[in-house]
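Before any comments, here is the structure.
Residue numbers (this note's numbering), protein chains in the order written: chain A, 632 to 902; chain B, 1214 to 1546.
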């Protein structure tokens, strides 16, 4: 099937055309190649996973997509256009939201304020309007506040709305970070190891939120994870990386039966 | 009321109002330090520069006139107009925003990610550059800043308080400088406005976000450069207010840049990252040094105001290094 045609999955979700395409991406740090000539695409409405053993270059890939790293070679195509080199905040303004493996929240601010920062993209009134805070700016604040409350309800963090984030336990911080990213109404939501360091129960909660987000808001999600089991249940398609190279790409079933992937995970010696 | 108590009250009042001005300068430091981790040594010079610019604009001075005259052999010095204080301050604000942009664009943008000590050194350079620039643009003579603020003691307060003393005492009322009262009101308004801006607007939220975590701020689409220009501009506005108040009090002269040094103990007391801390710290230092001088000055040979603030700051450094309101320093092992 062509990648441009929409199709409906078994559980009734519609997967749209390609929204992002990575073409022959190579990323080097000095002489070390973190990513070598990788290409793959992300389609609208799907849950796309990037998996691989530690040090495979997954996080580097995510950082390339979100603009934190600029690849030496290759092109990033977003919504049918080639993306020029951009700073991370510009990428975010284009509608690509992300979370971090080690959680990057505003620890001194309340949960509500943290999630509100996710709406910065939607708030367009200038410094002076904001300083006087009348009319448009006030209306904007109220509207965005309503949306944020919806997200907070959705992720079941109403009880801690006014709590400074620094005081929250790890699992809840992860959820607040997710809420902030989701508040941006992103075209693509990038999740860097959303389940790292979680217990089984928290992992189940997180999986449920990811699926619900995709289902209810139609959010396109690209996630990194090294827990194979979780990924196979969640995702529509999986890219497998090892030593900076792509060794597999396809549905969970296809990937699971790929000999190279099995070798990488079972630790067959490289030549 | 006994005279001794009334005197004590007067000293406290004067201390509070001096403290407000210290707080104002300290506030400029806190704004920049919080958002970018830069300890801006040039804050005092910014106050001086803004006061020089304000006088220059109001008096219609030709900027760089000495330089122009020396190069071209002309003899220009004034445009021959006078601008009122309101528009003068407005223009000065524009100049300070321009300065903020230049500082960010030509200096700190190239130093992102450098060690704090390097950033600090850059601000020392900036301080001397701005002092020289101010000299070159507006000349180094002492200028009077007449923005129409009331000067001298308030007779109303003097008359009112004169009646408070017990019957038969020789008491002539309190001396409270009107300018200090104005400065207190203006500073209070400025502080409230800043807090509201930081707390309830999109840019304010973005400012706090940048202060908290650069990476996270980038990931939600906040431009660090924009926020840094914004905080340097806000620090510039604070500098204008400080420059106007100190300039109106003691004339616009180059020693004005030294007021920044008085802000250091204030910061050690209040913590480098706290806006309320800067205010409370300023007030404590102001009242503390005036009362100390009043009580113990004569015993110690006077001039205790020169060192009292630093000794107090030193005590704080020993017993509470993060200041009164600063974020607690926790070392994880």
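Cβ atoms here follow ideal geometry from the backbone N, Cα and C, with glycine treated the same way.
According to DSSP, is residue i part of a helix, a strand, or is it coil?
i              : result
residue 1529/B : helix
residue 1163/B : As shown, chain B starts at 1214 and ends at 1546. That puts residue 1163/B outside it, with no answer to give.
residue 896/A  : helix
residue 1466/B : coil
residue 923/A  : Because chain A in this structure spans residues 632 to 902, residue 923/A falls outside the shown range and cannot be described.
residue 725/A  : coil
residue 1534/B : coil
residue 1165/B : There is no way to answer for residue 1165/B, as the model of chain B reaches only from 1214 to 1546.
residue 1303/B : helix
residue 632/A  : Low per-residue confidence applies at residue 632/A: pLDDT is 41, beneath 50, and the placement is therefore not dependable, though the value from the model is reported in the following sentence. Three-state result, residue 632/A: coil.
residue 1255/B : coil
residue 1358/B : coil
residue 668/A  : strand
residue 659/A  : strand
residue 703/A  : coil
residue 836/A  : helix
residue 1274/B : strand
residue 1290/B : coil
residue 1403/B : helix
residue 1325/B : coil
residue 1485/B : coil
residue 1242/B : helix
residue 1384/B : coil
residue 691/A  : helix
residue 804/A  : helix
If you drop the 5 nearest sequence neighbours on each side, which residues of the same chain put their C-beta closer than 8 Å to that of residue i?
i              : result
residue 1254/B : 1333, 1336, 1337, 1339, 1340, 1473
residue 1273/B : 1291, 1292, 1293, 1294, 1295, 1296
residue 1256/B : 1238, 1241, 1242, 1245, 1448, 1452, 1473, 1476
residue 1260/B : 1238, 1241, 1452, 1453, 1455, 1456, 1459, 1469, 1470, 1472, 1473
residue 1349/B : 1277, 1279, 1280
residue 650/A  : 673, 674, 675, 709, 710, 818, 819, 851
residue 841/A  : 678, 822, 825, 852, 854, 865
residue 1225/B : 1500, 1503, 1504
Which residues does DSSP list as the beta-bridge partners of residue i?
i              : result
residue 651/A  : 673/A, 709/A
residue 871/A  : 682/A, 879/A
residue 638/A  : 646/A
residue 853/A  : 679/A, 821/A
residue 1390/B : 1366/B
residue 795/A  : 741/A
By Cβ distance below 7 Å, which residues in the same chain neighbour residue i in space, the five residues on each side in sequence not counted?
i              : result
residue 826/A  : 834, 837, 856, 858, 861
residue 717/A  : 698
residue 1462/B : 1392
residue 633/A  : Confidence at residue 633/A is low in this model, with a pLDDT of 44, below 50, so the placement of that residue should be treated as unreliable; the coordinate-derived value is given next. So the list is empty, once near-sequence residues are dropped.
residue 1522/B : 1475, 1478, 1498, 1502
residue 892/A  : 871, 878, 879, 886
residue 736/A  : 745, 796, 804, 807, 808
residue 1443/B : 1416, 1420
residue 1364/B : 1391, 1392
residue 645/A  : 637, 639, 676
Excluding five sequence neighbours on each side, which residues of the same chain lie with their C-beta closer than 6 Å to the C-beta of residue i?
i              : result
residue 1222/B : none
residue 1355/B : 1464, 1466
Answer yes if the segment 864 to 879 of chain A comes into contact with the segment 658 to 670 of chain A, meaning at least three C-beta pairs across the two stretches below 8 Å, and no otherwise. Yes, since at least three Cβ pairs between the segment 658 to 670 of chain A and the segment 864 to 879 of chain A fall closer than 8 Å, the two stretches touch.
Can you list, in chain order, the residues of the segment 692 to 704 of chain A whose Cβ is nearer than 8 Å to any Cβ on chain B? Within the segment 692 to 704 of chain A, the qualifying residues are 697, 699.
Of all the residues that make up the segment 1416 to 1431 of chain B, which are near chain A by a beta-carbon distance shorter than 7 Å? The segment 1416 to 1431 of chain B vs chain A, Cβ under 7 Å: 1416, 1418, 1419, 1421, 1422, 1425, 1426, 1428, 1429, 1431.
Report yes or no: do the segment 854 to 862 of chain A and the segment 676 to 688 of chain A share at least 3 C-beta pairs separated by less than 8 Å? Between the segment 854 to 862 of chain A and the segment 676 to 688 of chain A, the count of C-beta pairs closer than 8 Å reaches three or more; the two stretches touch.
When Cβ atoms are compared, which residues of the segment 734 to 749 of chain A fall closer than 7 Å to chain B? Taking 7 Å as the Cβ-Cβ cut-off against chain B, the residues of the segment 734 to 749 of chain A that qualify are 735, 736, 737, 738, 739, 740, 744, 747, 748, 749.
Short-range partners of chain B found in the segment 799 to 814 of chain A, where Cβ spacing is below 9 Å: Across the segment 799 to 814 of chain A, CB contacts with chain B closer than 9 Å involve 808, 811, 812, 814, in sequence order along the chain.
Using a Cβ-Cβ cut-off of less than 7 Å, give me the residues of the segment 706 to 727 of chain A that come near chain B, in sequence order. For the segment 706 to 727 of chain A, residues whose beta-carbon sits nearer than 7 Å to a beta-carbon of chain B comprise 719, 720, 723, 724.
Evaluate contact between the segment 1278 to 1285 of chain B and the segment 1392 to 1409 of chain B, counting only Cβ atoms and requiring at least three cross-stretch pairs below 8 Å. No, they do not touch.
Short-range partners of chain B found in the segment 669 to 681 of chain A, where Cβ spacing is below 8 Å: Within the segment 669 to 681 of chain A, no residue qualifies.
Interface residues of the segment 1432 to 1446 of chain B facing chain A [CB-CB below 8 Å]: From the segment 1432 to 1446 of chain B, only 1432, 1433, 1434, 1435, 1436, 1437, 1443 have a Cβ closer than 8 Å to chain A.
Between the segment 640 to 658 of chain A and the segment 877 to 896 of chain A, are three or more C-beta pairs nearer than 8 Å? No contact exists between the segment 640 to 658 of chain A and the segment 877 to 896 of chain A.
Touch check for the segment 787 to 796 of chain A and the segment 691 to 710 of chain A: three-plus C-beta pairs under 8 Å? These segments do not touch.
Contact the segment 1261 to 1268 of chain B vs the segment 1342 to 1358 of chain B: 3+ CB pairs below 8 Å: Three or more beta-carbon pairs drawn from the segment 1261 to 1268 of chain B and the segment 1342 to 1358 of chain B are found closer than 8 Å, and the two stretches are therefore classed as touching.
Check whether the segment 1434 to 1445 of chain B and the segment 1415 to 1424 of chain B touch, using three or more Cβ-Cβ pairs below 8 Å as the test. Yes, they touch.
Take every Cβ of the segment 1306 to 1324 of chain B, pair it with every Cβ of the segment 1422 to 1433 of chain B, and state whether three or more of those distances are shorter than 8 Å. Too few Cβ pairs lie closer than 8 Å, so no.
Proximal residues, the segment 766 to 784 of chain A versus chain B, C-beta separation under 7 Å: Identification of residues in the segment 766 to 784 of chain A having a C-beta nearer than 7 Å to some C-beta of chain B yields an empty set.
Relative to chain B, which residues along the segment 637 to 660 of chain A have a C-beta separation below 9 Å, given in chain order? Residues: none.
Scan the segment 872 to 887 of chain A for residues whose Cβ lies nearer than 9 Å to a Cβ of chain B and list them as they occur along the chain. Within the segment 872 to 887 of chain A, no residue has a Cβ that lies closer than 9 Å to any Cβ of chain B.
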